[in-house]
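First residue of the sequence shown? That's 0 in numbering that gives the first Met the number 0, and the numbers climb one at a time after it. Using N, Cα and C, we set each Cβ at its ideal position, and we do this for glycine too. Nothing here was measured: the structure is a model prediction, and the numbers come from that model. Everything on this sheet refers to the single structure shown next.
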Amino acid sequence: MADLKTTYLGLNLKNPLVAGASPFAHHLDLVKQLEDNGVSAIVMYSLFEEEITHESLRLDYFLNKGTESQPEAQTYLVEPPEILSFADRYIAQLQRIKEAVEIPVIASLNGTSIGGWIKLAQQLQAAGADALELNIYSMVIDPQLTCDQVEKSYINLIEEVCKSINLPVAVKLSPYLTALPHFLARAYKAGAEGFVLFNRFMQPDFDIQSLDIIRKAPLSSSADLSLPARWIAIASAQLKADFALSGGVHTAEDMVRGVMAGANVTYVVSEFLQHGIGAAATMLQNFNDWMDRNGYDSVKQMRGVLRYDKVPNATVYERANYISSLKSFDEKVL
Ligand SMILES: Cc1cc2nc3c(=O)[nH]c(=O)nc-3n(C[C@H](O)[C@H](O)[C@H](O)COP(=O)(O)O)c2cc1C
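This is the structure we're talking about:
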């Protein structure tokens, strides 16, 4: 039996299989099932900036509505529409999860402005979160905004949040940053201990009959693994940060790929949504068997063996590989 232990954000984990941010954490019974099936940590669904902003605007609206409509309303206190805010509910759920399971629980904030995040991060820390994941998910569509301005605002956010709490912070990024290694180094310097590569943008689809935009949250396949694995192989050779591979982990072999690339942990969401939480136990058993069969005693020993600085032909991780891949395809077809 191989030693599956790993570390991530200062947490000692029994194996590299982590349940990524997803709706599972809405349900205590599913969280328990994740733990029972062996996952070593769980990331909660995100608390979204839009939810908080929308909520405060709504509250503002209701309070002002009352005072404007009637003069006597100056002394009349309008009841807020809902006493429990999204943030309160999120914190309460975090506390319930912490009571229900022993594995570490990582809270997740999704937003790009500092706004109320500092206070929230502190509240999540007080509520028992073991770490915090900052999901920087934004579509930059303002043509006035430059890359530098966007990245500076992200770094500022990371710095302020990291300064305000004692929890380890991981940053979940999109694969579309122009100069990813430079950004990672800046974010690391700003206090981020780990990176989750990558976030997945939910791409809207077009209904060409009704001329409508359709919301979609498609699930991944193992084919999606190449992108995060490649970047982790590069980035983990450059930076002493921790890395979580997120996107396309469906089998034990996918976990092996992630760890060999240099990931401390591999996140899984789609596989559990498609095949149930029991898939975790199967993946872990197969992961262990694979290591035994291939002579790896520990995850520590296996981690990073395919890292950029360790493989003899590292140029395959670079653009050169693009040309040779296209050529080899040509040779097969023509
Ligand atoms: C239904 C669903 C809900 C998700 N919710 C969140 C979320 O709240 N916050 C977040 O950071 N990522 C969220 N994600 C993204 C996942 O955490 C993960 O990054 C992505 O699904 C890739 O992993 P996978 O290939 O295992 O699905 C969600 C994904 C799905 C499919």
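My output table needs one value for residue i: the three-state DSSP class, helix, strand or coil.
i: aspartate 87; result: helix
i: glycine 193; result: strand
i: glutamate 132; result: strand
i: glutamine 69; result: With a pLDDT of only 47 at glutamine 69, under the threshold of 50, the placement of this residue in the model should not be trusted; the figure read from the coordinates follows. Looking at glutamine 69 - three-state DSSP - the assignment turns out to be coil, as it is neither helix nor strand.
i: valine 268; result: coil
i: serine 235; result: helix
i: valine 160; result: helix
i: threonine 5; result: strand
i: aspartate 308; result: coil
i: leucine 16; result: strand
i: serine 21; result: coil
i: lysine 326; result: helix
i: serine 297; result: strand
i: aspartate 141; result: coil
i: asparagine 11; result: strand
i: glutamate 317; result: coil
i: valine 149; result: helix
i: threonine 154; result: Reading the sequence as shown, one finds isoleucine at residue 154 and not threonine. Helix at isoleucine 154.
i: arginine 302; result: coil
i: glutamate 101; result: coil
i: leucine 176; result: coil
i: isoleucine 96; result: helix
i: serine 112; result: coil
i: serine 225; result: helix
i: methionine 0; result: coil
i: glutamine 273; result: helix
From what residue to what residue does the beta strand (DSSP E) around residue i run?
i: methionine 43; result: 40-47
i: isoleucine 105; result: 104-109
i: valine 170; result: 168-172
i: phenylalanine 242; result: 241-245
i: isoleucine 213; result: 211-213
i: leucine 218; result: Taken as a continuous stretch (DSSP letters only), leucine 218 belongs to no beta strand (DSSP E), as it is neither H nor E.
i: phenylalanine 200; result: First-last for phenylalanine 200: undefined, no H or E at that position.
Out of the options, which one is the CA nearest neighbour of residue i?
i: cysteine 161; options: Leu133, Ser173, Cys146, Leu144; result: Leu133
i: aspartate 346; options: Pro203, Phe200, Leu183, Val248; result: This structure does not reach residue 346, given that the chain is present from 0 up to 333, and the question cannot be answered.
i: leucine 172; options: Val298, Ser163, Tyr187; result: Tyr187
i: leucine 108; options: Ala126, Tyr136, Gly127, Glu98; result: Tyr136
i: valine 100; options: Ala128, Ala120, Ala260, Gln122; result: Ala128
i: glutamine 124; options: Val268, Ala313, Asn165; result: Asn165
i: phenylalanine 92; options: Asp28, Gly110, Glu48, Met138; result: Note that residue 92 is glutamine in the sequence shown, not phenylalanine. Here the closest residue by C-alpha is Asp28.
i: threonine 250; options: Pro15, Tyr7, Leu8; result: Pro15
i: glycine 261; options: Met290, Arg229, Ala279; result: Arg229
i: arginine 256; options: Leu272, Ala279, Pro227; result: Pro227
i: methionine 290; options: Val258, Ile105, Thr6; result: Val258
i: asparagine 312; options: Arg292, Ala232, Val268; result: Ala232
i: alanine 24; options: Arg88, Lys309, Leu8, Thr5; result: Arg88
i: glutamate 159; options: Asn198, Ala126, Gln148, Trp116; result: Trp116
i: methionine 254; options: Asn285, Ser84, Gly277, Asp141; result: Asn285
i: phenylalanine 271; options: Thr281, Asn263, Ser327; result: Thr281
i: valine 38; options: Pro103, Phe47, Phe85, Ala126; result: Pro103
i: serine 335; options: His274, Asp204, Leu119; result: With the chain running from 0 to 333 in the structure shown, residue 335 is simply not present.
i: lysine 309; options: Phe47, Gln237, Gln143, Leu10; result: Gln237
i: glycine 9; options: Gly193, Ala86, Glu252; result: Gly193
Could you check how far apart the C-beta atoms of residue i and residue j are, in whole angstroms? I think they sit under 8 Å.
i: alanine 1; j: tyrosine 307; result: Not really, about 25 Å apart at Cβ, beyond 8 Å.
i: alanine 40; j: leucine 12; result: 6 Å
i: isoleucine 96; j: valine 30; result: 5 Å
i: glycine 303; j: serine 235; result: 6 Å
i: alanine 243; j: tyrosine 7; result: 7 Å
i: leucine 156; j: isoleucine 113; result: 6 Å
i: alanine 120; j: serine 152; result: Wrong, their Cβ atoms sit about 17 Å apart, outside the cutoff.
Counting along the chain, where does the alpha helix (DSSP H) carrying residue i start and finish?
i: glutamate 252; result: 251-260
i: threonine 281; result: 278-292
i: isoleucine 117; result: 116-125
i: serine 182; result: According to the sequence as given, residue 182 is phenylalanine; it is not serine. Segment 179-188, the alpha helix (DSSP H) holding phenylalanine 182.
i: glutamine 208; result: First-last for glutamine 208: undefined, no H or E at that position.
i: valine 30; result: 27-35
Is the Cβ of residue i closer than 7 Å to any Cβ of chain C?
i: tyrosine 175; result: Here there is only one protein chain, and chain C is not present.
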